[in-house]
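Under the numbering used here, the first residue of the sequence shown carries the number 436, and numbering increases by one thereafter. All C-beta atoms in this analysis are idealised placements derived from N, C-alpha and C, irrespective of residue type, glycine included. Predicted model, so just to flag it, every value in this text is computed and none were measured. The next block holds one structure in the form of structure tokens; read it before the comments.
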Amino acid sequence: MTEPSATLILFGATGDLAHRMLFPSLYNLLSDNLLPADFLIVASGRTVLDDAAFHKDVDAALRKFLQPERYDTALAQRLCDMIIYCPVEAGNADQFAALADRVRDRLDRGISVYLSTPPSLFAPTAQGLADAGLVGPKTRIAMEKPIGKDLESSRDVNDAIGALFDEQSIFRVDHYLGKETVQNLMALRFGNMLFEPLWNAAAIDHVQITVGETVGLEGRVSYYDGVGALRDMVQNHVLQILSIIAMEPPARLDSTAVRDEKVKVLRSLRPMDAETVKACSVRGQYTPGAVAGEIVTGYADELGKPSDTETFVALKAHIDNWRWTGVPFYLRTGKRMPARHSEIMIQFKPVAHSIFGSRGHGSGLEPNTLIIRLQPQENIRLLIMAKEPGLDRGGVKLQEVGLDVSLANAFAGERRRIAYERLLLDLLEGDPTLFVRRDEVEAQWTWIDSIIGGWKDAGMKASPYASGNWGPSSAIALIERDGASWHE
Ligand code: BG6
Numbered sequence: 436m437t438e439p440s441a442t443l444i445l446f447g448a449t450g451d452l453a454h455r456m457l458f459p460s461l462y463n464l465l466s467d468n469l470l471p472a473d474f475l476i477v478a479s480g481r482t483v484l485d486d487a488a489f490h491k492d493v494d495a496a497l498r499k500f501l502q503p504e505r506y507d508t509a510l511a512q513r514l515c516d517m518i519i520y521c522p523v524e525a526g527n528a529d530q531f532a533a534l535a536d537r538v539r540d541r542l543d544r545g546i547s548v549y550l551s552t553p554p555s556l557f558a559p560t561a562q563g564l565a566d567a568g569l570v571g572p573k574t575r576i577a578m579e580k581p582i583g584k585d586l587e588s589s590r591d592v593n594d595a596i597g598a599l600f601d602e603q604s605i606f607r608v609d610h611y612l613g614k615e616t617v618q619n620l621m622a623l624r625f626g627n628m629l630f631e632p633l634w635n636a637a638a639i640d641h642v643q644i645t646v647g648e649t650v651g652l653e654g655r656v657s658y659y660d661g662v663g664a665l666r667d668m669v670q671n672h673v674l675q676i677l678s679i680i681a682m683e684p685p686a687r688l689d690s691t692a693v694r695d696e697k698v699k700v701l702r703s704l705r706p707m708d709a710e711t712v713k714a715c716s717v718r719g720q721y722t723p724g725a726v727a728g729e730i731v732t733g734y735a736d737e738l739g740k741p742s743d744t745e746t747f748v749a750l751k752a753h754i755d756n757w758r759w760t761g762v763p764f765y766l767r768t769g770k771r772m773p774a775r776h777s778e779i780m781i782q783f784k785p786v787a788h789s790i791f792g793s794r795g796h797g798s799g800l801e802p803n804t805l806i807i808r809l810q811p812q813e814n815i816r817l818l819i820m821a822k823e824p825g826l827d828r829g830g831v832k833l834q835e836v837g838l839d840v841s842l843a844n845a846f847a848g849e850r851r852r853i854a855y856e857r858l859l860l861d862l863l864e865g866d867p868t869l870f871v872r873r874d875e876v877e878a879q880w881t882w883i884d885s886i887i888g889g890w891k892d893a894g895m896k897a898s899p900y901a902s903g904n905w906g907p908s909s910a911i912a913l914i915e916r917d918g919a920s921w922h923e
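Spelled out as structure tokens, the structure:
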């Protein structure tokens, strides 16, 4: 790790992500004294505002989005005192020059740039900074997703940024990697002797990853339509979870070792085509229904026109490598699901030989299951077999019992941080481990493109599902055909 950047330039500072996540995260870091001394935040957006007006916005965002007990007027004021506002529009050299004037003397103490803007502005913003003389050996740049909409466009973005910054200075954000629960997957796998010897095709029957959301479009019509769940959630968050679950143990917990192992998994994903998408994928779009007792409208009604964008996707993925051969990974994610619920389920195989009941029948013997709940509560549950109490006159009866670990209880008293706190701090300190490397993004898109290509060639349309359901019934059939069922 290097000396932390003394300056953060935040583009898109008037946007939703900045208000909801980035300023509250900076506030929390300040409250824990984790920001460098004499830290300066240059907030930038297209709107012309003076510092005082912008400080008012930041203060309002902190009051709205921080947990109420964390808001403190004096601390909010201290954060605002660190922020200056500079209006900048991509392509406006004068505005970039004015911004550069305010930070030029801080260049040698490191500048971290955060692009929380539409992706079309990544390249022009980076170029504007370079032209204004702000790109030096101590400048880093972070970009929010999406990086492109397919492999080709992601290459264009990466080439444009890569022409100005070297890979070590480029921080591609996937906020799931900032979540404590996702990082904890590595602790579970590599900090315990128990699991790793069984973490392979010999002992595991299949893996499920579910990321369910109850929300719908949330006013993001212009971004979401034409993008859909596969690009919005699977290409990044779901594949990051999958790669951490499936990767080989890295030799060290450093950015190269970890990302080398993740990219190998991503490159081992079996591509799909027009034939395989029919059996291995489901696209869905929500229609009116009820979520948590509330009546909600359908996607097309929210959008105001018919659309074939999928708001739900389920996939049966294969990782073609030695460890995982023959182990399906069932993935699903969707909007307007019955619950906000993200989890990983590892279904182990049955024991090799049953001594209970007649050939295992009638005894209640079931294979073990490990359930790792990521959201809303972090919880790890291992279902193991136990004998039902009794005299066993009719034979031993077994029952599944859960070994439960609630991490919220185990670490009660520890504040659960916003994912962006960790990511912002790592950016300032120059640690790219929890950011996505270019080859990872490209491997992700290569697989996603094969699915999108398959859908197109097969003419696969999104099937309707009523809001408040776990997708169309074909998603249930996708897994039940293999004799398994979704864990709910
Ligand atoms: C974003 C997607 O990346 O992640 C959104 O664009 C989605 O569509 C969000 O709602 C989910 O994040 P979280 O942290 O609420 O699970």
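(message) Give me the residue from Pro811, Arg850, Ala821, Ala901 with the minimum Cα distance to Asp467.
(response) By 1-based counting over the sequence shown, the position of residue 467 is 32. When each option's Cα is compared against that of Asp467, the closest is Arg850.
(message) Looking at Gln782: is its Cβ nearer than 8 Å to the Cβ of Thr744?
(response) Here the question's residue 782 lines up with position 347 in the sequence shown. Here the question's residue 744 lines up with position 309 in the sequence shown. No, they are not a contact pair.
(request) Could you tell me the distance, in whole angstroms, from the CA atom of Leu542 to the CA atom of Arg694? (result) By 1-based counting over the sequence shown, the position of residue 542 is 107. By 1-based counting over the sequence shown, the position of residue 694 is 259. Whole-angstrom Cα-Cα distance: 29 Å.
(request) Can you tell me which of the three DSSP states Gly613 falls into? (result) The count along the sequence shown starts at 1 and reaches residue 613 at position 178. Looking at Gly613 - three-state DSSP - the assignment turns out to be helix.
(request) Give a yes or no on whether the C-beta atoms belonging to Leu688 and Thr881 are separated by under 8 Å. (result) Counting from one through the sequence shown, the residue named residue 688 turns up at place 253. Counting from one through the sequence shown, the residue named residue 881 turns up at place 446. Against a cut-off of 8 Å, the Cβ pair of Thr881 and Leu688 comes out as no contact.
(message) Rounding to the nearest angstrom, what Cα-Cα distance links Thr746 and Ile790 in this structure?
(response) In the sequence shown, the residue the question calls residue 746 occupies position 311. In the sequence shown, the residue the question calls residue 790 occupies position 355. C-alpha separation (whole angstroms): 46 Å.
(request) Spell out the partners DSSP gives Asn635 in its beta bridges. (result) Position 200 of the sequence shown holds residue 635. BP columns for Asn635 are empty, so no partner.
(message) Taking the straight line between their C-alpha atoms, what separation do you get for Glu835 and Leu863?
(response) Start at 1 with the first residue of the sequence shown, and residue 835 comes out as number 400. Start at 1 with the first residue of the sequence shown, and residue 863 comes out as number 428. Answer to the nearest angstrom: the Cα atoms are 47 Å apart.
(message) Can you check which of these residues, Cys715, Lys891, Glu823, Ala893, is closest to Ser798 by C-alpha distance?
(response) Your numbering for residue 798 matches position 363 in the sequence shown. Ranking the options by Cα distance to Ser798, first place goes to Glu823.
(message) Taking the alpha carbon of Glu877 as the reference point, which residue from Gly894, Gly830, Ala453, Lys697 has its own alpha carbon closest?
(response) Numbered from 1 along the sequence shown, position 442 holds the residue referred to as residue 877. Per the Cα distances, Lys697.
(request) Say yes only if the C-beta of Asp667 is nearer than 7 Å to one or more non-hydrogen atoms of ligand 1, and no if none qualify. (result) Counted from its first residue, the sequence shown places residue 667 at position 232. At least one heavy atom of ligand 1 sits closer than 7 Å to the Cβ of Asp667.
(request) Examine ligand 1 and report whether any of its heavy atoms sits within less than 7 Å of the Cβ of Val836. (result) Within the sequence shown, numbered from 1, the residue matching residue 836 stands at position 401. For ligand 1, not one heavy atom lies less than 7 Å from the Cβ of Val836.
(request) Give the C-beta separation of Ala925 and Trp759 to the nearest angstrom, bearing in mind that I take them to be a contact with Cβ-Cβ under 8 Å. (result) Because the chain is modelled from 436 through 923, residue 925 falls outside the range shown and cannot be assessed.
(message) Does the beta-carbon of Gln562, which I'm using as the reference point, lie nearer than 7 Å to any heavy atom of ligand 1?
(response) Within the sequence shown, numbered from 1, the residue matching residue 562 stands at position 127. Answer for Gln562: no, Cβ out of range of ligand 1.
(request) Kindly identify the DSSP beta-bridge partner or partners of Asp839. (result) Position 404 of the sequence shown, counted from the start, is the residue given in the question as residue 839. Looking at the DSSP assignment, Asp839 forms a beta bridge with Arg816.
(message) Is Lys822 near ligand 2 - that is, is its Cβ less than 7 Å away from at least one heavy atom of it?
(response) No copy of ligand 2 occurs in the structure displayed; its ligands are ligand 1 alone.
(request) Rounded to whole angstroms, what's the CA-CA distance from Val712 to Ile476? Just pull it up for me. (result) Position 277 of the sequence shown, counting from 1, holds the residue named residue 712. Position 41 of the sequence shown, counting from 1, holds the residue named residue 476. Straight-line Cα distance between these residues: approximately 47 Å.
(request) Identify whether Ile676 lies in helix, strand or coil by the three-state DSSP scheme. (result) The residue labelled residue 676 in the question sits at position 241 within the sequence shown. Of the three classes helix, strand and coil, the one that applies to Ile676 here is helix, per DSSP.
(request) Drop a sphere of 10 angstroms on the beta-carbon of Lys941, count the other beta-carbons inside from all chains shown, and report buried for 16 or more, exposed for fewer. (result) The requested residue 941 is not part of the displayed model; the chain covers only 436 to 923.
(request) Could you tell me the distance, in whole angstroms, from the CA atom of Lys832 to the CA atom of Glu923? (result) Numbered from its first residue, the sequence shown carries residue 832 at position 397. Numbered from its first residue, the sequence shown carries residue 923 at position 488. For the pair Lys832 and Glu923, the Cα-to-Cα distance works out to about 25 Å.
(request) Could you check the C-alpha separation between Ile883 and Met707 for me, to the nearest Å? (result) Your numbering for residue 883 matches position 448 in the sequence shown. Your numbering for residue 707 matches position 272 in the sequence shown. When rounded, the distance between both Cα atoms is 9 Å.
(message) Looking at the secondary structure, which residues open and close the alpha helix (DSSP H) in which Pro459 lies?
(response) Mapped onto the sequence shown, residue 459 falls at position 24. Pro459 -> alpha helix (DSSP H) spans 458-466.
(request) Pick helix, strand or coil for Lys580, following the three-state DSSP scheme. (result) The count along the sequence shown starts at 1 and reaches residue 580 at position 145. Correct three-state label for Lys580: coil.
(message) Tell me the rounded alpha-carbon separation between Ala774 and Ser902.
(response) As a position in the sequence shown, residue 774 is number 339, starting the count at 1. As a position in the sequence shown, residue 902 is number 467, starting the count at 1. Spanning the two alpha carbons is a distance of roughly 11 Å.
(request) Could you pull the start and end residues of the alpha helix (DSSP H) that Phe846 belongs to? (result) Here the question's residue 846 lines up with position 411 in the sequence shown. First-last for Phe846: undefined, no H or E at that position.
(request) Mind checking which residues open and close the beta strand (DSSP E) that includes Ile807? (result) For the purposes of this step, residue 807 is taken as residue 372 along the sequence shown, with counting starting at 1. Start and end: 804-810.
(request) For the beta strand (DSSP E) holding Thr722, just list the boundary residues, first then last. (result) Locating residue 722 in the sequence shown gives position 287, where the first residue counts as 1. Residues 716-722.
(message) Closer than 8 Å is the cut-off here; do at least three beta carbon pairs connect the region 892-909 with the region 747-755?
(response) yes
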